[in-house]
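Visitor: Let me begin by handing over the structure; questions about it come next.
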């Protein structure tokens, strides 16, 4: 078990109607808010109006940046930073899913010292402070609402890059499960696949951290029970709550304490698929994980056996991998590239970009041959 | 699932050698430290010298209060408050187990405004601030190192009372598993029994919080695996780490998110046994829980079945309760009053004090008849 520190500064406010607390919570964060959101779905489901009303109740002046993409682009982040600087905003409020919040983290980080966001993402610029960041979550998936990570993509360099800094923990995150009630069946599926994938990236990381392993089991079993029920009953508040809280726990540190690191090789590969085909993040991960497990099954023998036993009560590696494939299938998330229209002839393009982008994983190292074989298995 | 807020401000620093970080962490907490500890065992195992050295390295002036009892007394807390006020200490540093840290929490809370600690414990005085509190944990058990609770006893009024306030979260807690290596086999057992009991108090609380239930399962399974191994190998660092980290997770909020409350009826009863016979806290709980489960088995039918299935893979309520009895026995913690020398003729004294002290539980209400029957089953 590795040494670790628990010190997550995000205040997470969870439950029905919690956004009513926004005015009292944000009264000391200055007058000018930069409101960041996506492609407008929050205007259809009433969330935009509700949050705007809360900001107005708090007496804030609102500047808006609309149009963050679901695979978020650094160019949008650049434009939002410029808007924030021009208007001397005092804090950032993000309303949306992972892409919006990941973007807002970098926006809040770059405004005070006018940093270039891609330089920051590539660790070439080093901000020393950030604006306060308020988030209002509308999708259960990435866990970004309570962690220090952000992933953005750059279509010019064909890269999807992850960044981490204690400066980008959200200050306060509001998680109202009723704000996720209107998420489509597909995106509900991909979100749950993402939650499971995060749990697995932690589990296959480096280090002997048995209680963290058990929390991984808890989260995956929770998704295996609540996930399929939710897909048949998208309007159920309790099931939405269970998935939303699991999404936070899957990437707020809980499953990582005592490890040197996670693995993230599957995310490396998934990011490349999303870059090439704009595949939803969670869908890319449910395709990669079974192939990655099959390719690494000898190396991960003991870990796969323990996981299969604890999560699915099965006895062999084959059953473990099949159980995960069946779970993703039950969750309506793809497990093969063919299911998202990618033919065998396109696999070389994927492998080439994986090698170019250095998708090596962290704990389970992937060389060029491994990448090629994993893509073949997908 | 109930609304909740996650906002635990304690910085927990876990692992081998973490106390080396004390001087850099505490440099801004003022010059005068009140060092609080127990009956001197830390002087035998070197921890006292090590922490004193760290404080001296940080240039602090140290005032010492020695002698907190393992069932901590409010009179000691009063005397420590007086010492702290007389010397205008700037912060409190507690070195010990739950009793020392629980005492130090109230000491740090009462010094700034010279409050009477029993008035505070009974919610009759309302402090508005506290001194910074540093804790160095030497026993895996109560979880007090990362929560807002304290339990003290008053031998004059024959009460053992719990208190909670956000003002008493420790500021920084150092958890070095090697500091627990010298804990005796008995107290290691009682600590593990306490961890299991905290998990169960959460589980039997009020509210539909399935992921929190699963975290309870994770912690109990972790103790069922690591606990007996540790008792046969008390010097094993990794096993000490696993038990120490489980002790924090069992009462730092994790198993309570989404519930209205825990239950705490078993703690109510255990406190009375400790008051009367100075029984170690964990030992009292492993005696009460099986009896409490038996008495309430009809009412808790579904919860006991689910728990038995998830923790022990058993199918009936009887097997669930027997499995817990067997687990406590394997952990060397008593499950009957007779094992700690309390005869049937003394049971009336217990029941009388339970009724006098209003030991009613929170979720599973216990009337006088219930208390009498539970004591009979112990």
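Residue numbers (the working numbering), protein chains in the order written: chain A, 10 to 387; chain B, 10 to 387. Positions of the beta carbon are idealized from the N, C-alpha and C atoms, including for glycine. Just so we're clear, the structure is a prediction, and the values are computed from it rather than from any experiment.
1. Is there contact between the segment 211 to 230 of chain B and the segment 226 to 235 of chain A, where contact requires at least three CB pairs shorter than 8 Å?
2. Does any residue of chain A have a CB that is nearer than 8 Å to the CB of residue 14/B?
3. Put residue 268/B into one of helix, strand or coil per three-state DSSP.
4. Any chance the segment 235 to 251 of chain B sits against the segment 132 to 143 of chain B, with 3 or more Cβ pairs inside 8 Å?
5. How is the beta strand (DSSP E) around residue 14/B delimited, first residue to last?
6. Mind checking whether the beta-carbon of residue 270/A lies closer than 7 Å to any heavy atom of the ligand ZN?
7. Terminal residues of the continuous alpha helix (DSSP H) containing residue 72/B?
8. Mind checking residue 348/A: buried by the 16 CB within 10 Å criterion, or exposed?
9. Residue 367/A to residue 169/A, Cα distance in whole Å?
10. Mind checking who residue 162/B pairs with in its DSSP beta bridge?
11. Can you list, in chain order, the residues of its chain with a C-beta nearer than 7 Å to that of residue 308/A? Leave out the 5 residues immediately preceding and following it.
12. Please tell me whether residue 251/B has its Cβ less than 8 Å away from any Cβ of chain A.
13. Which full runs of the alpha helix (DSSP H) of 4+ residues lie inside the segment 308 to 359 of chain A, going along the chain?
14. Can you round the beta-carbon distance between residue 298/A and residue 265/A to whole angstroms, since I take them to be within the 8 Å contact cut?
15. Residue 144/A and residue 110/A - do their beta-carbons sit closer together than 8 Å?
16. Using a Cβ-Cβ cutoff of less than 7 Å, which residues in the same chain neighbour residue 32/B once the five nearest sequence positions on both sides are dropped?
17. Nearest CA to the CA of residue 91/A: which residue from 149/A, 124/A, 273/A?
18. With 16 as the cutoff for other CB atoms within 10 Å, does residue 9/B come out buried or exposed?
19. Where does residue 179/B land, buried or exposed, given buried means 16+ other C-beta within 10 angstroms?
20. Looking at the C-beta of residue 279/B, does it have a partner C-beta in chain A at a distance below 8 Å?
21. On the DSSP bridge assignment, give the partners of residue 131/A in chain order.
22. Could you list the residues in the segment 212 to 225 of chain B with a C-beta less than 8 Å from some C-beta on chain A, going in chain order?
23. Indicate whether the contact test is met: 3 or more Cβ pairs, each with one atom in the segment 180 to 192 of chain A and one in the segment 15 to 32 of chain A, closer than 8 Å.
24. Can you tell me whether DSSP reads residue 24/B as helix, strand or coil?
25. For residue 97/B, is the classification buried or exposed, using 16 other Cβ atoms within 10 angstroms of its Cβ as the cut-off for buried?
26. How about residue 10/B: is its C-beta nearer than 8 Å to some C-beta of chain A?
27. Where do the N-terminal and C-terminal ends of the alpha helix (DSSP H) with residue 45/A fall, by residue?
28. Looking at residue 274/A: is its Cβ nearer than 8 Å to the Cβ of residue 301/A?
29. Measure the alpha-carbon distance for residue 20/A versus residue 354/B and round it to whole angstroms.
30. Less than 8 Å between CB atoms is the rule here; does residue 352/B satisfy it with respect to chain A?
31. Taking only the alpha-carbon atoms, compute the straight-line gap between residue 324/B and residue 317/B and give it to the nearest angstrom.
32. Count the other CB atoms, across all protein chains shown, that sit within 10 Å of the CB of residue 175/B; report buried if there are 16 or more and exposed otherwise.
33. Whole angstroms are fine: how far does the CA of residue 195/B sit from the CA of residue 336/B?
34. Would you report the Cα separation of residue 343/A and residue 331/A, rounded to the nearest angstrom?
35. Quick one: what does DSSP say residue 145/A is sitting in, helix, strand or coil?
36. Run down chain B in chain order and give the residues with a C-beta less than 7 Å from the C-beta of residue 22/A.
Guide: According to the structure shown:
1. At 8 Å Cβ cutoff, the stretches touch.
2. By the rule that beta-carbons nearer than 8 Å mark a contact, residue 14/B touches chain A.
3. Coil.
4. No, the segment 235 to 251 of chain B does not touch the segment 132 to 143 of chain B.
5. For residue 14/B, the uninterrupted beta strand (DSSP E) segment begins and ends at 13 to 15.
6. Ligands in the displayed structure: none, and consequently the ligand ZN is not present.
7. For residue 72/B, no alpha helix (DSSP H) run applies; the uninterrupted beta strand (DSSP E) run containing it begins and ends at 70 to 75, by DSSP.
8. The residue is exposed, with fewer than 16 neighbouring Cβ atoms inside 10 Å.
9. Rounded to the nearest angstrom, the two C-alpha atoms are 11 Å apart.
10. Note: residue 162/B sits in a beta bridge opposite 82/B, 169/B.
11. Scanning its chain for C-beta atoms nearer than 7 Å, with the 5 sequence neighbours on each side dropped, one finds around residue 308/A the residues 373, in chain order.
12. Closer than 8 Å to the CB of residue 251/B there is at least one CB belonging to chain A.
13. Taken in chain order, the unbroken stretches of alpha helix (DSSP H) that lie wholly in the segment 308 to 359 of chain A and span 4 residues or more are 310 to 321, 326 to 339.
14. With 8 Å as the limit, residue 298/A and residue 265/A do not qualify as a contact, their Cβ atoms being about 18 Å apart.
15. Contact: yes.
16. The beta carbon of residue 32/B lies closer than 7 Å to those of 63, 66, 67 in the same chain, with the five residues before and after it left out.
17. Per the Cα distances, 124/A.
18. No answer is possible for residue 9/B: the residues shown for chain B start at 10 and end at 387.
19. Buried, by the Cβ-count rule.
20. No, because no Cβ of chain A sits closer than 8 Å to the Cβ of residue 279/B.
21. DSSP, once it has assigned bridges, lists no residue as partnering residue 131/A.
22. When C-beta distances to chain A are compared with 8 Å, the residues of the segment 212 to 225 of chain B below that value are 217, 219, 220, 223, 224, in chain order.
23. By the Cβ test, the segment 180 to 192 of chain A is in contact with the segment 15 to 32 of chain A, since at least three Cβ pairs between them sit closer than 8 Å.
24. DSSP, reduced to helix, strand and coil, places residue 24/B outside both helices and strands of the structure shown, so it counts as coil.
25. By the neighbour-count criterion, in which a residue is buried when 16 or more other Cβ atoms sit within 10 angstroms of its Cβ, residue 97/B is exposed.
26. Judged by the 8 Å Cβ criterion, residue 10/B is in contact with chain A.
27. No alpha helix (DSSP H) holds residue 45/A; the beta strand (DSSP E) holding it covers 41 to 46.
28. In contact: residue 274/A and residue 301/A (Cβ atoms closer than 8 Å).
29. Using only the alpha carbons, I get a separation of about 52 Å.
30. It does not: the Cβ of residue 352/B has no partner Cβ on chain A nearer than 8 Å.
31. Inter-residue distance for residue 324/B and residue 317/B is about 7 Å (C-alpha atoms, whole angstroms).
32. Counting Cβ neighbours within 10 Å, residue 175/B comes out exposed, since fewer than 16 surround it.
33. Taking the straight line joining both Cα atoms gives about 15 Å.
34. One C-alpha to the other measures close to 14 Å.
35. Residue 145/A sits in a strand when the DSSP states are folded into three classes.
36. Within 7 Å Cβ-Cβ: 14.
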